[in-house]
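Reviewing the structure listed below.
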Amino acid sequence: MKQKETGIPISPSLNAINNHQGKLALTRSIKNRLLYVSALSVLVAIAISIIAKGLIYLINIVTNLSFYGMLDVRFHSPAANHLGLWVIIVPAIGGVIVGLMALYGSKVIRGHGIPEAMEQILTNQSKIKPSITFLKPISSAIAIGTGGPFGAEGPIIATGGALGSTLGQLLKITANERKVILAAGATAGMSAIFGTPIAAVLLAIELLLFEFSPKSILPVALACITGAAGHHLLFESGPVFPMPNLTVPTNGALAIYSGIGLIIGFLSLGITKIVYLIEDWFDKLPIHWMWWPALGGLAVGVIGYFAPHTLGVGYDNIISILSGTIPLLLVLRLCFFKFLSWAIALGSGTSGGTLAPLLTIGGAAGAIIGAVILMLFPNSGITIPMAALLGMSSMFAGASRAYLTSITFALESTMQSNALLPLLGACTASYLVSFFLMENTIMTEKIARRGVATPVSFEPDVLSKLSVFDVMNKDAIVLSADNPVSEVKAWLLAHNSAAHDFIVVDKKGDYIGTFKLGDMYNTSQVQKLNLGDIVHPSALMLTGNTTLRLAAELMAKHEAELVPVTSAENKIIGSLSYKEIIAAYGLHNNEADKTSLSISLKRQRLKIMSKGRKLMNKDSDARAPRN
């Protein structure tokens with residue numbers, strides 16, 4: 001029988017994927033797709049910037065109608081209302097409306113938006129119902145405008161994600177591209193509200209994309225830049241949270257600030273536990289979930305009667321806390337009652353966000369801790385505004401575990417570059433507490449209870465780090481298409497081969513496809529045919545320097561289980577099958593480098609061949625006599 005050993009010339013016409021022109025074409029295709037997705041992301045960002053402005057207007061309209069009985073788009077704090085006891089009813093009415101919208105519209109509008117977006121990314125190929133695009137902002141505007149203690153950023157993030165996902169579903173794009181557009185829309189919304197594009201990009205990486213690559217970062221970055229431009233055009237050009245200029249801290253003050261972050265980390269742990277404990281209490285109520293937001297609204301109204309500043313968005317509260325000028329008792333009241341109002345409202349399942357409440361509670365807690373330290377140690381070198389800023393940032397870092405986002409957001413939203421080192425120390429301390437003591441975060445606890453696992457690390461994909469040459473089978477068997485099937489079977493038995501898939505070439509040595517061992521036993525008539533008659537045609541070939549990730553994508557696209565690997569001189573030097581790819585995954589975590597991985601793969605392949613040889617001999621004895 002004619003067996004073609006390794007080193008057979010390959011026809012360049014069939015190797016378009018691996019030659020220079022093929023690589024250039026593939027590169028151009030990838031870049032063209034990136035430009036296409038980037039353009040779509042920018043369009044979504046433009047739309048969500050306009051929607052963000054509309055959402056703020058809508059919140060202001062609902063607030064002014066609910067608390068002042070006037071139709072006005074300008075901001076008026078609900079804390080200055082003169083409704084008296086009637087203020088208790090206003091949030092409850094908003095809760096009833098939100099409950100009805102959730103019941104007859106979509107249940108997804110309940111909650112603060114980011115966990116729901118994460119769940120769709122991880123479990124549903126980033127597909128969000130198009131109705132969320134308008135249901136979420138309207139329901140959130142009603143909830144917040146009637147006194148709900150939430151910020152506008154959560155709803156606009158959810159709305160931007162829904163808009164991106166809807167566009168991705170209308171167009172013919174991949175699930176991964178749809179994920180990128182979803183993340184771009186969500187984070188562009190955050191950038192439009194706060195004017196913090198870098199923090200928005202980092203939020204996408206830490207909470208939505210779970211990856212860092214040019215094809216994901218570039219569209220998101222362009223969308224966030226567009227959102228920031230929308231913020232400057234439609235809102236304001238200065239920092240969203242202006243505060244007194246901060247000075248560079250001493251080493252002693254830096255240590256104290258890190259200690260404040262540690263304390264805030266424990267507070268974030270307790271806050272997260274209490275929020276979901278309250279949610280569990282609502283789950284046990286003997287009434288339909290539609291009425292829960294109304295009950296939560298009653299609690300918000302009662303608290304708002306005694307502490308009016310807990311009502312509504314409360315961005316003005318954050319600015320006041322960061323100024324360091326409001327009385328300590330007022331800060332203490334705001335911290336406690338804002339948390340209580342927000343935890344009950346969020347646990348009731350109404351529509352709102354988490355970022356602004358966490359910033360308010362964290363900032364107030366940081367200011368209180370800073371004030372106590374100054375009372376005990378007047379010469380400690382710390383300041384209350386810095387302590388408040390660190391409390392605000394480390395609370396978000398501990399509760400959400402969005403470490404880089406928390407630091408960058410504080411810098412961008414206040415423009416206080418001297419706070420960088422204290423922020424790094426405080427957020428690191430808070431993150432450490434959260435990482436070691438809290439299994440899930442405020443963003444992931446809800447979906448974790450539904451059995452959805454979220455990534456906890458952002459390591460490069462093992463398939464992207466390894467090349468085909470690292471794991472390929474260098475002992476691939478290459479057979480000629482003009483050999484009779486009976487001759488091939490006899491040759492395989494004579495050489496005691498355990499292989500199950502084979503590479504087939506024609507008389508010129510050009511690769512034409514593969515065939516499986518089982519194909520020789522389909523019918524008795526097969527024994528009278530040549531390999532060329534039962535071959536599975538294929539033109540897919542790989543070079544040794546191709547990444548396993550690209551190889552896997554190409555093999556999946558062409559439904560190929562075995563692919564020849566060629567050298568730069570277009571000669572077959574081995575083969576790649578799904579077994580080598582799976583083995584690379586399995587051995588990745590236990591190997592120190594590529595060399596040891598290749599050795600382990602070879603050892604594992606020998607074990608597989610040994611087992612296969614025994615099975616084949618047993619099978620051959622039962623099904624076909626030796627020639």
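According to full-length UniProt numbering, the stretch in the sequence shown is residues 1 to 627, in order. We treat Cβ as the ideally placed atom computed from N, Cα and C, and that holds for glycine.
Considering only residues of the same chain and omitting the five flanking positions on each side of Val-468, which have a CB-CB separation below 6 Å? So the qualifying residues of the chain are Leu-542, Gly-544, Thr-546, Ala-551, Val-565, Leu-576.
Among residues of its own chain, excluding the 5 on either side of Glu-177, which ones have a beta-carbon nearer than 6 Å to its beta-carbon? The beta carbon of Glu-177 is closer than 6 Å to those of Val-37 in its chain, skipping five residues each way along the sequence.
Go ahead and label Phe-212 buried or exposed: buried means 16 or more other beta carbons lie within 10 angstroms of its beta carbon, across all protein chains shown. exposed
Quick one: any contact between the region 174-192 and the region 149-164, if contact means 3 or more CB pairs under 8 Å? yes
If you draw a straight line from the C-alpha of Phe-282 to the C-alpha of Arg-333, how long is it? Approximately 25 Å between the Cα atoms of the pair.
Short Cβ contact (8 Å threshold) for Ile-181 with Val-87: no
So, under 8 Å CB-CB, Gly-352 and Gly-148 are touching, yes? Tell me the CB distance rounded to an integer number of Å. 5 Å
If the criterion is Cβ atoms closer than 8 Å, does the pair Met-392 and Gly-366 meet it? yes
I'd like to know if the region 392-404 and the region 260-276 are in contact, where contact means that at least 3 CB-CB pairs between them fall below 8 Å. yes
If you run the structure through DSSP and keep just helix, strand and coil, what is Lys-172? coil
Quick check: what's the CA-CA separation for Pro-385 versus Gly-370? 9 Å
Using the Cα positions of His-309 and Met-375, report the straight-line distance between them to the nearest angstrom. In a straight line, the C-alpha of His-309 is about 26 Å away from that of Met-375.
Applying the 10 Å Cβ sphere with the 16-neighbour rule, what's the burial state of Lys-273? exposed
Which residues in the same chain as Leu-203 place their Cβ atom closer than 7 Å to its Cβ, once the five residues preceding and following it in sequence are excluded? Thr-187, Met-190, Ala-402, Thr-405
In angstroms, rounded to a whole number, what distance separates the CA positions of Val-372 and Ala-255? 16 Å
For Asn-530, the nearest candidate out of Glu-559, Lys-489, Ala-499 (CA to CA): Checking every option, the nearest Cα to that of Asn-530 belongs to Lys-489.
Buried/exposed call for Asn-473, threshold 16 Cβ in 10 Å: Under this definition Asn-473 is a buried residue.
For Ala-307, the nearest candidate out of Asn-251, Leu-330, Leu-479 (CA to CA): Checked all of Asn-251, Leu-330, Leu-479; the closest Cα to Ala-307 is Leu-330.
Span of the alpha helix (DSSP H), counted from its first residue to its last, around Tyr-521: Per DSSP, Tyr-521 belongs to no alpha helix (DSSP H) and is neither H nor E.
In its own chain, which residues sit with a C-beta less than 8 Å from the C-beta of Tyr-68, not counting the 5 before and 5 after it? His-76, Asn-81
For Phe-241, which three-state DSSP category applies? coil
Tell me whether Leu-576 sits in a helix, a strand or coil according to DSSP, three-state version. strand
Within the same chain, show all residues whose beta-carbon is closer than 7 Å to that of Phe-339, passing over the 5 residues directly before and after it, in chain order. A distance below 7 Å between beta-carbons, with the five flanking residues on each side excluded, links Phe-339 to the following residues of its chain, in chain order: Ile-271, Ile-361.
Is the Cβ of Ala-551 closer than 8 Å to any Cβ of chain B? Structure shown: chain B not included; a single protein chain is present.
Between the C-alpha atoms of Glu-412 and Leu-222, what's the straight-line distance to the nearest angstrom? 17 Å
From which residue to which residue does the alpha helix (DSSP H) around Ile-274 run? Segment 251-283, the alpha helix (DSSP H) holding Ile-274.
Rounded to whole angstroms, what's the CA-CA distance from Lys-127 to Leu-269? Just pull it up for me. 31 Å
Using beta-carbon positions only, say whether Val-98 and Gly-301 come within less than 8 Å of one another. no
Hey, Thr-350 and Gly-296: beta-carbon distance below 8 Å or not? Cβ atoms of Thr-350 and Gly-296: closer than 8 Å.
Taking the C-alpha atoms as reference points, what is the distance between Val-108 and Leu-492? 60 Å
From the DSSP output, which residues share a beta bridge with Asp-482? Asp-482 is not bridged to any residue.
Own chain residues within Cβ distance below 6 Å of Pro-484, not counting five before or after: Asn-530
By DSSP, does Phe-515 sit in helix, in strand, or in coil? strand
Measure the Cβ-Cβ separation of Ala-419 and Ala-429 and say whether it is below 8 Å. no
Just tell me which of Cys-335, Pro-378, Ala-356, Ala-143 has its CA closest to the CA of Ile-368. Cys-335
In angstroms with no decimal places, state the Cα-to-Cα distance between Asn-440 and Ala-448. Spanning the two alpha carbons is a distance of roughly 7 Å.
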